[in-house]
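Worksheet: the structure to be examined is printed underneath.
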Amino acid sequence: MEVSGACPGPWIAVPVETWAGLGAWSVGPMAEWHKEPARGANLGRYRKATRGPKKPKPPRTRFPGAKHVATSRLLGTEQT
């Protein structure tokens, strides 16, 4: 969508004769033609959003002193 929305501008500003030869270009020259303006791009203007800080892990409410609790113990206390 972005490319299709930006295309009419160059078509108006640049003569049709300039665009006529582009259709016959192979991949190599077309890539070089696209890379030339990209070399001057200031990548600092397009910074990625940084992730915020992680939320702390909530403390255990059941069996707070134990490192490991058997699944049968957890299920047994809930079923009774």
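Heads up: the sequence shown begins at 1 in UniProt numbering, then just goes up one per residue.
Note that the Cβ used here is the ideal one computed from N, Cα and C, for glycine as well.
Check: Alpha carbon of Ala13 to alpha carbon of Lys55, nearest angstrom; Outcome: 51 angstroms
Check: Nearest neighbour of Pro59, chosen from Gly52, Pro53 and Lys67 [CA to CA]; Outcome: Lys67
Check: As assigned by DSSP and simplified to three states, the class of Gly23; Outcome: helix
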